[in-house]
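**Student:**
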Amino acid sequence: MFRLLLLFLFFSSICHGQVAIKFGLFKDSLIHVPVKLNSNDSLTVFRFYVSDLRITKDRNKSWKAPKKHYLIDFDRETNGQDVIKLELPHDFKTGQIEFVLGIDSKTSAEGIGEGALDPVNGMYWTWQSGYINFKMEGVSKNIPSRKNRFQLHLGGFRKPYISAQKVDLNYIHKGTSAMICFDLSVFMNALDLYTQHTIMSPSKEAVALSKLAKSCFYVE
Amino acid sequence: MLNKRLLWILLSFGVFAFCLLKNNRFDIPDYIPRPTYPIPKNSSDNDTVQLGRLLFYDNLLSADNRVSCASCHNSYNAFAHTDHDLSHGVFDSIGNRNAPALFNLAWQKEFMWDGAIHHIEAQVLAPLHSPKEMGSSIEELIEKLNESSFYRSEFFAVYGDSLINSSRVLKAIAAFELSLVSFGSKYDQVRQGNSEFTEQEKRGYAHFQKHCNQCHTEPLFSDFQYKDNGLSIDPSLQDLGRYLITGDAQDKYRFKVPSLRNLSYTFPYMHDGRFDKLRQVLEHYEMIESNHGTRRVDIKSIPLAFNEQSDLIAFLLTLNDKSFVFNPAFSFPEKLKETLLKH
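This is the structure:
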């Protein structure tokens, strides 16, 4: 029996491919906030929730991340974000990376969580309740707001303004790491900061921008 | 000699067990529906509730260390704030709404006048972060608590761990708030067959059932829905109520229907505390105009003669629960007095 177990362990260790999933901005994982994007715009805060991350294959097999929720924070001071490590089975050479951008309605309805969900992370609304799924703040010259600031706090877990988005990306196992990138230039170009510089409540605009954010992810 | 001592020990043990039994026998009357949240036992041996009680009464929660939850939610006012139309926060700032009474919260699904908060544990964050209330933040509070040796040992006693995190703080305060159960009014005594209404109260009860019960539904005396009760708009507040949360035009000027229990202790009335007397409230409902232009008021005028209003008030006063308001288990904790100067 012991021998069998050893054999199994041996096989399983060679069958599994380790993949470390990291989130990045553009194509360079080293970019942190605060960062100057161009002569007009700079980013001071950028963080979002990733929930239920998994790699699926043939639609019915899925390999899930060890934790349900991750807070991806690009702040320089937070000393790097969580690297999500998946020990993939041998046959997961290709598949889909799926995750929810934000916190699902069920988790939100349950109240206050710990760890990534701790309200000390600044991702919980206080004037009304619920998690902020996606938070981006910065400065953009020429926008008509106080100190030219923009604040996009996207959230909302109740109908009709549910803003969590399911992201589904193609994945090909190439090495021991995979980078999920958020294409900031696509996001910033599609935004009209002049009219949409302050979004801080569940609303139609928050849902529309969450959908935009969803479309900005790709696997590097 | 030994026997005598043994007898004393047994006797004190018996008294202790009886007290425990009495404290734990916290029966909710059978005509009360099932609560949304489980109700923690209101007893000295419930550590989480006692910890929550300390936090509820501690000024440490506010930015200037001068405002506690109890500042605006006083136990002697059924945890409302008598004589203040709008809440009173740090640096003498004045809020936008009247501090609501706190009792029977376990039966509510949403909190605040506009239902902004969907979970009791999240509720604490609202006044904590509001610049017009406590002006602090959960980050700041956790830091302050972790620096306090008093709280570190309190948390250690409850959780076996001296680390103070937001989950534990929010759960403890919520546990104390959920323990605030009030079903000891004359109305409850009558329903349980232990008392009888006077003739005047009976007449008032009939008026109540005809005109008020639809929204202030028995036995909790609220349906906890949001209604526009036709109050004129205060130009200094311009408060749109529930609309601020849902963004639905139909919710403009709608506010949560408050419970009518403990009415005598919780004046002034309405979301902006505009009425000091019950008579003024009834006069408003008498004079109410259902035609406000495009605004659709949810209720119709309640035409009651002066003596009928007096009868109704007599009934409403049977909803006061003195045993709740003067329950020492809910008042300022002695333990905090000793430590107030230390932190």
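Chains A and B supply the protein sequences, listed in that same order.
If you use this note's numbering, the first sequence closes out at 270, no skipped numbers anywhere.
If you use this note's numbering, the second sequence closes out at 360, no skipped numbers anywhere.
Backbone N, C-alpha and C define an ideal beta-carbon position, used for all residues, glycine too.
1. Within this structure, are the beta carbons of residue 124(A) and residue 149(A) separated by less than 8 Å?
2. On the DSSP bridge assignment, give the partners of residue 97(B) in chain order.
3. Would you identify the three-state DSSP class for residue 86(B), choosing helix, strand or coil?
4. Excluding the five sequence neighbours on either side, which residues of its own chain have a C-beta within less than 6 Å of the C-beta of residue 82(A), listed in chain order?
5. Since residue 267(A) sits in a beta bridge, which residues does DSSP pair it with?
6. Quick one: what's got a C-beta closer than 8 Å to residue 159(B)'s C-beta in the same chain, skipping five residues either side?
7. By a C-beta neighbour count over all protein chains shown, 10 Å radius and 16 as the cutoff for buried, is residue 141(A) buried or exposed?
8. Nearest-angstrom Cα distance between residue 216(B) and residue 299(B)?
9. Nearest-angstrom Cα distance between residue 114(B) and residue 130(B)?
10. Check whether the Cβ atoms of residue 228(A) and residue 183(A) sit closer than 8 Å, and answer yes or no.
11. For the beta strand (DSSP E) holding residue 221(A), just list the boundary residues, first then last.
12. So is residue 93(B) buried or exposed if we call it buried at 16+ other beta carbons inside 10 Å?
13. Listing by chain order, which chain A residues have their CB less than 7 Å from the CB of residue 264(B)?
14. What are the boundary residues of the alpha helix (DSSP H) that includes residue 70(B)?
15. Less than 8 Å between C-beta atoms, sequence neighbours within five positions excluded: which residues of the same chain meet that for residue 42(B)?
16. So, with DSSP's three-state summary, where would you put residue 72(A)?
17. Under a Cβ-count criterion, where at least 16 other Cβ atoms within 10 Å of its own Cβ denotes burial, should residue 103(B) be classed as buried or exposed?
18. Run through chain B and tell me which residues come within less than 7 Å of residue 161(A), C-beta to C-beta.
19. Within the 8 Å Cβ cut-off, does residue 257(A) reach chain B?
20. Quick check on the DSSP output: what are the complete alpha helix (DSSP H) runs of length 4 or more inside the segment 117 to 169 of chain A, in order along the chain?
21. With distances taken from CA atoms, which of 238(B), 98(B) and 132(B) is nearest residue 48(B)?
22. Under the DSSP definition of a beta bridge, which residues are partnered with residue 204(A)?
23. Candidates 227(B), 199(B), 244(B) and 202(B): which alpha carbon is nearest residue 271(B)'s?
24. DSSP state of residue 134(B), grouped into three classes?
25. Apply the 10 Å Cβ neighbour rule to residue 192(A) and answer buried if 16 or more other Cβ atoms are within range, or exposed otherwise.
26. Using 8 Å as the cut-off, can you tell me whether the segment 198 to 216 of chain A makes contact with the segment 252 to 263 of chain A, which would need three or more C-beta pairs spanning the two stretches below that distance?
27. Kindly list the residues whose CB is nearer than 6 Å to the CB of residue 91(A), restricted to its own chain and excluding five residues on each side of it in sequence; keep chain order.
28. Compute the distance between the beta-carbons of residue 98(A) and residue 151(A), then report whether it is under 8 Å.
29. Below 6 Å CB to CB, which residues in the same chain sit around residue 260(B) once its five sequence neighbours on both sides are set aside?
30. For the segment 177 to 191 of chain A, list every residue whose C-beta sits within 8 Å of some C-beta in chain B, in sequence order.
31. Could you tell me the distance, in whole angstroms, from the CA atom of residue 118(B) to the CA atom of residue 108(B)?
32. Would you mind sorting residue 253(B) into buried or exposed? The rule is 16 or more other CB atoms within 10 Å of its CB.
33. Looking at residue 106(B) and residue 161(B), is the spacing between their C-beta atoms short of 8 Å?
34. Is it true that the CB of residue 65(B) sits closer than 8 Å to the CB of residue 55(B)?
35. Under a CB-based cut-off of 8 Å, is residue 143(B) close to chain A?
36. Restricting to Cα atoms, I'd like to know which of 229(B), 327(B), 317(B) and 196(B) is closest to residue 95(B).
**Tutor:** According to the structure data:
1. no
2. 91(B)
3. helix
4. 124 and 126
5. 232(A)
6. 181, 182, 183 and 186
7. exposed
8. 20 Å
9. 8 Å
10. no
11. 215 to 222
12. exposed
13. 253
14. 64 to 74
15. Residue confidence is low: residue 42(B) scores 38 on pLDDT, short of 50, so the model does not pin down where it sits. No coordinate-derived value is stated.
16. strand
17. buried
18. 136, 138 and 139
19. no
20. 155 to 159
21. 238(B)
22. 184(A)
23. 244(B)
24. strand
25. exposed
26. yes
27. 190
28. yes
29. 268 and 269
30. 177, 178, 179 and 180
31. 23 Å
32. exposed
33. no
34. no
35. yes
36. 196(B)
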